[in-house]
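Heads up, the sequence shown is in the working numbering, so the first residue is 395 and it goes up one at a time. No residue lacks a Cβ here, since even glycine has one placed at the ideal position from N, Cα and C.
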Amino acid sequence: MSKQEIWVAYYTILIREVLRFSRIWVQTILPPVITTALYFVIFGNLIGPQIGEMDGHKYMDFIVPGLIMMAIITNSYGNVVSSFYSSKFQGNIAEMLVSPVPNWVILAGFVSGGIARGLTVGVAVTLVSLFFSDLSIKHFFVMVSIVLLTSTLFALAGLINAVYAKSFDDIAIVPTFVLTPLTYLGGVFYSISMLSEFWQNFSMLNPVLYMVNGFRFGILGVSDIPIAVSYGIIIAFIIGLATLSMSLLNRGVGIRS
Numbered sequence: 395m396s397k398q399e400i401w402v403a404y405y406t407i408l409i410r411e412v413l414r415f416s417r418i419w420v421q422t423i424l425p426p427v428i429t430t431a432l433y434f435v436i437f438g439n440l441i442g443p444q445i446g447e448m449d450g451h452k453y454m455d456f457i458v459p460g461l462i463m464m465a466i467i468t469n470s471y472g473n474v475v476s477s478f479y480s481s482k483f484q485g486n487i488a489e490m491l492v493s494p495v496p497n498w499v500i501l502a503g504f505v506s507g508g509i510a511r512g513l514t515v516g517v518a519v520t521l522v523s524l525f526f527s528d529l530s531i532k533h534f535f536v537m538v539s540i541v542l543l544t545s546t547l548f549a550l551a552g553l554i555n556a557v558y559a560k561s562f563d564d565i566a567i568v569p570t571f572v573l574t575p576l577t578y579l580g581g582v583f584y585s586i587s588m589l590s591e592f593w594q595n596f597s598m599l600n601p602v603l604y605m606v607n608g609f610r611f612g613i614l615g616v617s618d619i620p621i622a623v624s625y626g627i628i629i630a631f632i633i634g635l636a637t638l639s640m641s642l643l644n645r646g647v648g649i650r651s
């Protein structure tokens with residue numbers, strides 16, 4: 395395929411993904427915004443004053459980056475896992491894999507769709523947070539780059555889940571039993587400096603911790619993790635998941651069988 399044909403194929407997949415979640419925005423964008431607003435009210439306004447400051451910031455300001463990141467993670471993941479599985483269930487993916495379109499273009503299209511939804515929800519949640527907190531961005535490049543990398547990582551993870559899923563019930567297992575615990579235990583609502591040494595070390599095994607702290611560093615300028623380590627962990631996971639995703643698509647695992 396020529397470069398123009400590759401671009402058309404990629405752009406077509408991306409536009410389809412964007413239209414897919416934007417047409418049903420009441421189901422895809424509005425719910426996480428409402429849920430996060432409730433977090434702001436309950437944890438920020440009601441519980442926050444009782445806690446006081448954390449890492450030199452008001453508790454409300456401290457949890458805002460984590461809540462924004464949590465919304466980005468779940469929606470980047472959810473968009474790809476549901477879209478790819480639906481396409482697999484309908485037979486569209488098999489047709490795409492036997493077409494001249496390179497598999498990496500198919501992967502890039504679905505992942506970009508997940509990033510688009512993650513960023514859309516992230517922006518919406520950020521706008522809502524302005525009603526509760528005065529955000530002051532300390533490191534703009536860090537904030538944007540961590541968001542893009544994190545969204546890419548979980549979009550890839552969503553595709554892998556969709557490849558192995560054999561029913562619609564299977565696509566809910568990982569978000570419920572893996573993703574939710576990781577995000578809630580990833581430093582969204584607390585600093586790991588509050589934990590004992592054992593639980594601090596144990597928390598280091600949670601990859602979400604590095605993403606939340608990297609994003610918090612971009613906005614507030616504070617982090618429990620060195621920013622270089624956060625970048626390293628996220629990039630390493632992206633490389634690993636991208637390699638696995640390409641291998642699964644090339645072999646047609648869960649699709650051609």
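Just confirm the distance between the C-beta atoms of residue i and residue j, as a whole number of angstroms; I'd bet it's less than 8 Å.
i: Asn473; j: Arg511; result: 4 Å
i: Asn607; j: Asp618; result: 5 Å
i: Asn497; j: Asn644; result: 6 Å
i: Leu461; j: Val519; result: 7 Å
i: Leu652; j: His451; result: Limits of the chain in this structure are 395 at one end and 651 at the other, which puts residue 652 out of reach.
i: Tyr479; j: Ile400; result: Incorrect: roughly 25 Å between the Cβ atoms, too far for contact.
I'd like to confirm something about residue i: is its beta-carbon nearer than 7 Å to some heavy atom of the ligand FMN, or not?
i: Arg414; result: The ligand FMN is absent from the structure shown, which contains no ligand whatsoever.
Is the separation between the beta-carbon of residue i and that of residue j shorter than 8 Å?
i: Gly503; j: Leu408; result: yes
i: Gly612; j: His533; result: yes
i: Thr514; j: Ile418; result: no
i: Val427; j: Leu529; result: no
i: Met605; j: Met463; result: yes
i: Val492; j: Tyr404; result: no
i: Gly442; j: Tyr433; result: no
i: Leu635; j: Leu521; result: no
i: Val557; j: Leu642; result: yes
i: Val541; j: Gly516; result: yes
i: Ile649; j: Ala488; result: yes
Which value, in whole angstroms, describes the spacing of the CA atoms of residue i and residue j?
i: Pro569; j: Ser476; result: 11 Å
i: Asp449; j: Leu501; result: 40 Å
i: Ala549; j: Phe596; result: 25 Å
i: Ser624; j: Ala630; result: 10 Å
i: Arg410; j: Ala559; result: 22 Å
i: Phe583; j: Met640; result: 35 Å
i: Ser545; j: Ser470; result: 6 Å
i: Thr574; j: Val495; result: 35 Å
i: Ile466; j: Phe592; result: 29 Å
i: Ser587; j: Leu603; result: 12 Å
i: Arg610; j: Ile633; result: 23 Å
i: Ile628; j: Leu543; result: 7 Å
i: Phe526; j: Gln484; result: 43 Å
i: Gly456; j: Val402; result: For the sequence presented, residue 456 should be read as Phe rather than Gly. If you take the alpha carbons of Phe456 and Val402, they lie about 43 Å apart.
i: Leu524; j: Leu413; result: 27 Å
i: Ser539; j: Gly438; result: 26 Å
i: Ser590; j: Met598; result: 13 Å
i: Val572; j: Asp563; result: 15 Å
i: Val505; j: Leu638; result: 14 Å
i: Gln594; j: Ser416; result: 40 Å
i: Ile445; j: Gln421; result: 34 Å
i: Met537; j: Thr430; result: 19 Å
i: Ser561; j: Met490; result: 21 Å
i: Gly646; j: Thr406; result: 22 Å
i: Glu447; j: Ile567; result: 36 Å
Where do the ends of the alpha helix (DSSP H) carrying residue i lie?
i: Phe535; result: 534–558
i: Asn439; result: Per DSSP, Asn439 belongs to no alpha helix (DSSP H) and is neither H nor E.
i: Leu576; result: 574–578
i: Tyr471; result: 453–484
i: Asn644; result: 621–645
i: Thr422; result: 419–422
i: Ser597; result: 591–597
i: Pro601; result: 601–614
Is there at least one Cβ from chain D nearer than 8 Å to residue i's Cβ?
i: Val557; result: No chain D is part of this structure, which consists of one protein chain only.
(request) Entirely within the segment 496–523 and at least 4 residues each: give me those alpha helix (DSSP H) ranges in chain order. (result) 497–523
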